[in-house]
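Below: the structure, in structure tokens.
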Amino acid sequence: MMIKVLYFARLKESLNYSTEEMLLPSNIKTILQLKTHLSARGDAWTAIFSGKQVVRAAINHALVDDTEVIKVGDEVAFFPPVTGG
Amino acid sequence: MMIKVLYFARLKESLNYSTEEMLLPSNIKTILQLKTHLSARGDAWTAIFSGKQVVRAAINHALVDDTEVIKVGDEVAFFPPVTGG
Amino acid sequence: MKISIQIEDFDLTTELALLLGKRTDIGAVASFVGLVRQVTSELNHENDVFSMTLEHYPGMTEKALAAIVKQAEQRWKIIDATIIHRVGVLQAAEQIVLVAVASAHRGDAFAACEFIMDYLKTEAPFWKKETTADGDHWVDPKVTDGAARERWKNAE
Amino acid sequence: MKISIQIEDFDLTTELALLLGKRTDIGAVASFVGLVRQVTSELNHENDVFSMTLEHYPGMTEKALAAIVKQAEQRWKIIDATIIHRVGVLQAAEQIVLVAVASAHRGDAFAACEFIMDYLKTEAPFWKKETTADGDHWVDPKVTDGAARERWKNAE
Numbered sequence: 002m003m004i005k006v007l008y009f010a011r012l013k014e015s016l017n018y019s020t021e022e023m024l025l026p027s028n029i030k031t032i033l034q035l036k037t038h039l040s041a042r043g044d045a046w047t048a049i050f051s052g053k054q055v056v057r058a059a060i061n062h063a064l065v066d067d068t069e070v071i072k073v074g075d076e077v078a079f080f081p082p083v084t085g086g
Numbered sequence: 002m003m004i005k006v007l008y009f010a011r012l013k014e015s016l017n018y019s020t021e022e023m024l025l026p027s028n029i030k031t032i033l034q035l036k037t038h039l040s041a042r043g044d045a046w047t048a049i050f051s052g053k054q055v056v057r058a059a060i061n062h063a064l065v066d067d068t069e070v071i072k073v074g075d076e077v078a079f080f081p082p083v084t085g086g
Numbered sequence: 215m216k217i218s219i220q221i222e223d224f225d226l227t228t229e230l231a232l233l234l235g236k237r238t239d240i241g242a243v244a245s246f247v248g249l250v251r252q253v254t255s256e257l258n259h260e261n262d263v264f265s266m267t268l269e270h271y272p273g274m275t276e277k278a279l280a281a282i283v284k285q286a287e288q289r290w291k292i293i294d295a296t297i298i299h300r301v302g303v304l305q306a307a308e309q310i311v312l313v314a315v316a317s318a319h320r321g322d323a324f325a326a327c328e329f330i331m332d333y334l335k336t337e338a339p340f341w342k343k344e345t346t347a348d349g350d351h352w353v354d355p356k357v358t359d360g361a362a363r364e365r366w367k368n369a370e
Numbered sequence: 215m216k217i218s219i220q221i222e223d224f225d226l227t228t229e230l231a232l233l234l235g236k237r238t239d240i241g242a243v244a245s246f247v248g249l250v251r252q253v254t255s256e257l258n259h260e261n262d263v264f265s266m267t268l269e270h271y272p273g274m275t276e277k278a279l280a281a282i283v284k285q286a287e288q289r290w291k292i293i294d295a296t297i298i299h300r301v302g303v304l305q306a307a308e309q310i311v312l313v314a315v316a317s318a319h320r321g322d323a324f325a326a327c328e329f330i331m332d333y334l335k336t337e338a339p340f341w342k343k344e345t346t347a348d349g350d351h352w353v354d355p356k357v358t359d360g361a362a363r364e365r366w367k368n369a370e
């Protein structure tokens, strides 16, 4: 199924990626599984998604936990802890 | 000894007095004694200074208790609880 | 520190610019503006306030406010503070009071600003008289104001 | 409720006037302005901030802020609130954020304003990058910000 994936801030810079349309492999159901999948893309990806850094996730603009299930057409976003204000 | 006495807000209005130079009788040492002395001046004064109303006092611009001793030349002020802000 | 008792209205943007000055170590400004509430009860509009008259004790007021700011400075890291309190006749919805506190961080700014307001309400010699359809009434102190001040004594 | 994510600066007086509108039941407005601190350490001026770049997640940011205001409305009696957060490049001493809360009474206004700031800091998708003499650095979240939010969960 197709989803959209967005990257922000430090992640966007080190991955050199801001947004992509992704065909999600059928064995990937959750945010954690997607993180593991992304961490296999290369060194920069491994550094971010292998669990050593805190990476927060949102689905369709709402913060979610790693256990959240991804559905077709979802907008998934990954970003570092927020620092506004 | 001479002191100055000021009245504010509700007190000023009901006593029709805002400030006076007063020759303090020599037996009056404290704020409480001055209040008792003033309460003998008439009905409006009794209503305020006989202890039924909360009347706060300041000497030389600092809030004081009823036990505070009055000195020559002091500026004594009487007023109701404050309601600014 | 700026403390002003004045008849004139104040402008928040102007006061904040004065408070900040040329300093570059301020990260947070907490401010409070108190206004004349016309409608104090949705149920009884006969109590609606047409105007308010504010009296104070010149000389003592400035000292009381400076002492309150000093106390706040002992408890929190404050860079600077502004207090403006208007006196005289104020119409409904007019500004009465401004307390603004500048600090490096927001926690100090918020706490000091609220502390100053709570003490101003209970220790600075101001008195309000409301003009309503019923006539003029001196405002009674609120029990909640005393409680608001007391909680700072228990804290810390 | 006004929520604005914008590049442009804001004017406090104007925003307060908009917040108050024609209402006559507002007695208290608590507001907070966050600024770019140039000097973050008196000891090491090599860390001085020349400018700051603010990124956000368009679409999510507005929803996150509206949800925070909703939470505040459930806890305190709020009449209206304004949140403005700037994005893009900001120079030292420039305004970053405004949170203003209007209420009948100051206790509600203060608490809701500080609550909104604490949640904005930890839940709204903004990220800061500082430019110093050393180069560009993404700002790390502060432990104190997490603690500031947590205390609202324990309270009440």
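Chains as they are written, first to last, in my numbering: chain A, 2 to 86; chain B, 2 to 86; chain C, 215 to 370; chain D, 215 to 370. All C-beta atoms, glycine included, are put in the ideal place defined by N, C-alpha and C.
Residue nearest to residue i in terms of C-alpha spacing, selected from the options
{"i": "residue 296 (chain C)", "options": "C:306, C:259, C:302 and C:276", "result": "C:276"}
{"i": "residue 336 (chain D)", "options": "D:343, D:306 and D:362", "result": "D:362"}
{"i": "residue 235 (chain D)", "options": "D:290, D:216, D:310 and D:274", "result": "D:216"}
{"i": "residue 346 (chain D)", "options": "D:252, D:224, D:219 and D:239", "result": "D:252"}
{"i": "residue 231 (chain D)", "options": "D:316, D:366, D:258 and D:291", "result": "D:316"}
{"i": "residue 24 (chain A)", "options": "A:48, A:6, A:57 and A:52", "result": "A:6"}
{"i": "residue 338 (chain C)", "options": "C:351, C:360 and C:318", "result": "C:360"}
{"i": "residue 218 (chain D)", "options": "D:229, D:233 and D:299", "result": "D:299"}
{"i": "residue 237 (chain C)", "options": "D:283, D:307 and D:221", "result": "D:307"}
{"i": "residue 220 (chain C)", "options": "C:250, C:312, C:367 and C:318", "result": "C:312"}
{"i": "residue 26 (chain A)", "options": "A:16, A:67, A:19 and A:39", "result": "A:39"}
{"i": "residue 85 (chain B)", "options": "C:318, C:226, C:342 and C:364", "result": "C:342"}
{"i": "residue 64 (chain B)", "options": "B:48, B:54 and B:83", "result": "B:83"}
{"i": "residue 329 (chain D)", "options": "D:226, D:286 and D:263", "result": "D:286"}
{"i": "residue 8 (chain A)", "options": "D:351, D:340 and D:239", "result": "D:340"}
{"i": "residue 326 (chain D)", "options": "D:225, D:283 and D:368", "result": "D:283"}
{"i": "residue 12 (chain A)", "options": "A:50, A:66 and A:72", "result": "A:50"}
{"i": "residue 4 (chain B)", "options": "B:54, B:81, B:10 and B:20", "result": "B:20"}
Below-9 angstroms beta-carbon distance, residue i vs any chain C residue
{"i": "residue 31 (chain B)", "result": "no"}
{"i": "residue 45 (chain B)", "result": "no"}
{"i": "residue 245 (chain D)", "result": "yes"}
{"i": "residue 288 (chain D)", "result": "no"}
{"i": "residue 41 (chain B)", "result": "no"}
{"i": "residue 237 (chain D)", "result": "yes"}
{"i": "residue 254 (chain D)", "result": "yes"}
{"i": "residue 299 (chain D)", "result": "no"}
{"i": "residue 251 (chain D)", "result": "yes"}
{"i": "residue 20 (chain B)", "result": "no"}
{"i": "residue 74 (chain B)", "result": "no"}
Residue i (DSSP reduced to helix, strand or coil)
{"i": "residue 333 (chain C)", "result": "helix"}
{"i": "residue 349 (chain D)", "result": "strand"}
{"i": "residue 308 (chain C)", "result": "coil"}
{"i": "residue 14 (chain A)", "result": "helix"}
{"i": "residue 222 (chain D)", "result": "coil"}
{"i": "residue 324 (chain C)", "result": "helix"}
{"i": "residue 231 (chain D)", "result": "helix"}
{"i": "residue 357 (chain C)", "result": "helix"}
Any chain B beta carbon closer than 9 angstroms to residue i
{"i": "residue 340 (chain C)", "result": "yes"}
Chain D contact for residue i (CB, 9 angstroms cutoff)
{"i": "residue 322 (chain C)", "result": "no"}
{"i": "residue 63 (chain A)", "result": "yes"}
{"i": "residue 1 (chain A)", "result": "This structure leaves residue 1 (chain A) out entirely; chain A is present only between 2 and 86."}
{"i": "residue 358 (chain C)", "result": "yes"}
{"i": "residue 351 (chain C)", "result": "no"}
{"i": "residue 59 (chain A)", "result": "yes"}
{"i": "residue 56 (chain A)", "result": "no"}
{"i": "residue 78 (chain A)", "result": "yes"}
{"i": "residue 85 (chain A)", "result": "yes"}
{"i": "residue 225 (chain C)", "result": "yes"}
{"i": "residue 230 (chain C)", "result": "yes"}
Chain A contact for residue i (CB, 9 angstroms cutoff)
{"i": "residue 314 (chain D)", "result": "no"}
{"i": "residue 270 (chain D)", "result": "yes"}
{"i": "residue 248 (chain D)", "result": "yes"}
{"i": "residue 311 (chain D)", "result": "yes"}
The segment 313–322 of chain C in contact with the segment 232–245 of chain C per 3-pair CB rule at 8 angstroms | When Cβ pairs closer than 8 angstroms are counted between the two stretches, the segment 313–322 of chain C is seen to touch the segment 232–245 of chain C, the count reaching three or more.
Tell me the start and end of each unbroken beta strand (DSSP E) in the segment 242–304 of chain C that is at least 3 residues and wholly inside, in chain order.
-> 242–249, 263–270 and 294–300
What are the start and end residues of each continuous alpha helix (DSSP H) run of 4 or more residues lying completely inside the segment 19–74 of chain B, in chain order?
-> 32–40 and 44–50
Indicate whether the contact test is met: 3 or more Cβ pairs, each with one atom in the segment 330–344 of chain C and one in the segment 273–293 of chain C, closer than 8 angstroms.
-> yes
Inter-stretch contact (C-beta, 8 angstroms, three-pair minimum) for the segment 298–314 of chain D and the segment 264–273 of chain D = Between the segment 298–314 of chain D and the segment 264–273 of chain D, the count of C-beta pairs closer than 8 angstroms reaches three or more; the two stretches touch.
Given 8 angstroms, three or more beta-carbon pairs between the segment 48–60 of chain A and the segment 73–80 of chain A = Yes, since at least three Cβ pairs between the segment 48–60 of chain A and the segment 73–80 of chain A fall closer than 8 angstroms, the two stretches touch.
Three or more beta-carbon pairs under 8 angstroms between the segment 36–46 of chain A and the segment 248–263 of chain D, yes or no?
-> no
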